[in-house]
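J.: Each residue of the sequence shown is one higher than the last, beginning at 1 in my numbering.
Where is the CB? At the ideal position from N, CA and C, for every residue including glycine.
Model, not experiment: these values are computed from the prediction.
The structure follows.
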Amino acid sequence: MNTTPTPHNEAKKGEIAKTVLMPGDPLRAKYIAETYLENIKCVNTVRNMLAFTGLYKGKEISIMGAGMGMPSMGIYSYELYHFYDVDQIIRIGSAGALSDDVKLNDIVLAMGASTDSNYATQYQLSGTFTPTANYELLLQAVNVAAKKNLPIHVGNILSSDVFYTPDSSTNDAWRRMGILAVEMEAAALYMNAAYAGKKALCMLTISDHLYKEEYLSAKERQEGFGNMIELALDSVV
Numbered sequence: 001m002n003t004t005p006t007p008h009n010e011a012k013k014g015e016i017a018k019t020v021l022m023p024g025d026p027l028r029a030k031y032i033a034e035t036y037l038e039n040i041k042c043v044n045t046v047r048n049m050l051a052f053t054g055l056y057k058g059k060e061i062s063i064m065g066a067g068m069g070m071p072s073m074g075i076y077s078y079e080l081y082h083f084y085d086v087d088q089i090i091r092i093g094s095a096g097a098l099s100d101d102v103k104l105n106d107i108v109l110a111m112g113a114s115t116d117s118n119y120a121t122q123y124q125l126s127g128t129f130t131p132t133a134n135y136e137l138l139l140q141a142v143n144v145a146a147k148k149n150l151p152i153h154v155g156n157i158l159s160s161d162v163f164y165t166p167d168s169s170t171n172d173a174w175r176r177m178g179i180l181a182v183e184m185e186a187a188a189l190y191m192n193a194a195y196a197g198k199k200a201l202c203m204l205t206i207s208d209h210l211y212k213e214e215y216l217s218a219k220e221r222q223e224g225f226g227n228m229i230e231l232a233l234d235s236v237v
């Protein structure tokens, strides 16, 4: 049975590359494709979740938005892995820093993704599953970052289902456990990759600090993050 196009992705089989970079914002996907790729083709516009395929240093790469939250990332990454035969996905997103050692515009590579989500219940496991990055992708990113002399942090992040919360102590508890930053998608991506036997990595640029008055504007989030974007691209070529 032909599984493509899907209800969420109008791309035909073969129009999406084996490697996909996924920012949350579809407009950021458009910016990245137009700025960094050659011979680009828009392959999806369903729900305005834009996807593009093109060449970076001669290698075929796709850039696709993931939306906000684990349900959205869960749908798109599942379809990419299972229906479009994608081998590896790198999430390139923004995050709020929890650790005092992490500063605005620093890059965090998520070795692990703790979560307050019940996403893992679908797998009917008898214990607690730990969502982790693919070691090969993580190592490649660390090595490329060293060559570029980029400020990176490698460690555990929080993938949360909650953006606004009435409990101001929630972040304090995660911070005490050494969590570097908080975002909303990585855990679902890592679980989908594990279930599919595929590769995944989440890299994040710090857009604000939850314990300091520091933040980037919406325009800076959409069109910035150049160091992270180039790190992701150069880690897969």
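Is it the case that the CB of Ala218 approaches a heavy atom of the ligand NAP more closely than 6 angstroms?
T.: No copy of the ligand NAP occurs in the structure displayed, which carries no ligand at all.
J.: If you draw a straight line from the alpha carbon of Asn9 to that of Leu189, how long is it in whole angstroms?
T.: Looking at the two C-alpha atoms, the distance is approximately 17 angstroms.
J.: So Ala186 and Ile89 are supposed to be a Cβ contact under 8 angstroms. How far apart are they, rounded?
T.: Contact flag wrong, Cβ pair sits at about 11 angstroms.
J.: What first and last residue would you give for the alpha helix (DSSP H) that runs through Gln88?
T.: That residue, Gln88, is in no alpha helix (DSSP H); its beta strand (DSSP E) goes Gln88 to Ala97.
J.: Just to confirm the assignment, what range does the alpha helix (DSSP H) spanning Gly74 have?
T.: Where Gly74 is concerned, the enclosing alpha helix (DSSP H) stretches over Met70 to Phe83.
J.: Could you please give me the residues that DSSP links to Ser169 through a beta bridge?
T.: Beta-bridge pairing links Ser169 to no other residue.
J.: Does DSSP put Gly226 in a helix, in a strand, or in coil?
T.: Correct three-state label for Gly226: helix.
J.: Taking Glu220 as the reference, which of Met68, Ser114, Gly54 and Leu104 has the closest Cα?
T.: Per the Cα distances, Leu104.
J.: Taking only the alpha-carbon atoms, compute the straight-line gap between Arg175 and Met49 and give it to the nearest angstrom.
T.: C-alpha separation (whole angstroms): 33 angstroms.
J.: In whole angstroms, what is the alpha-carbon distance linking Leu55 and Gly127?
T.: Computed Cα separation, rounded: 42 angstroms.
J.: Tell me the rounded alpha-carbon separation between Asp85 and Gly197.
T.: Whole-angstrom Cα-Cα distance: 11 angstroms.
J.: Measure the alpha-carbon distance for Lys12 versus Ser168 and round it to whole angstroms.
T.: About 46 angstroms.
J.: Find out if the Cβ-Cβ distance for the pair Glu15, Val46 is shorter than 7 angstroms.
T.: Not in contact: Glu15 and Val46 (Cβ atoms no closer than 7 angstroms).
J.: Report back the beta-carbon spacing between Ala113 and Ile157 to the nearest angstrom; my notes put them in contact at under 8 angstroms.
T.: That pair is a contact at about 6 angstroms.
J.: Report yes if the C-beta distance between Glu183 and Gly93 is below 7 angstroms; otherwise report no.
T.: Cβ distance < 7 angstroms, so Glu183 and Gly93 count as in contact.
J.: Please confirm whether Pro110 and Ala146 have their CB atoms less than 7 angstroms apart.
T.: Before going further, note that residue 110 is Ala rather than Pro in the sequence given. Cβ atoms of Ala110 and Ala146: not closer than 7 angstroms.
J.: Could you check if Val237 is buried or exposed, using at least 16 other CB atoms within 10 Å of its CB as the buried criterion?
T.: Exposed, since its Cβ has fewer than 16 Cβ neighbours within 10 Å.
J.: Leaving out five residues before and five after Asp151 in sequence, what residues of the same chain have Cβ atoms less than 6 angstroms from its Cβ?
T.: Sequence check: residue 151 is Pro here, not Asp. These residues qualify, in order along the chain: Asp106.
J.: What are the boundary residues of the beta strand (DSSP E) that Tyr56 is part of?
T.: Start and end: Ala51 to Tyr56.
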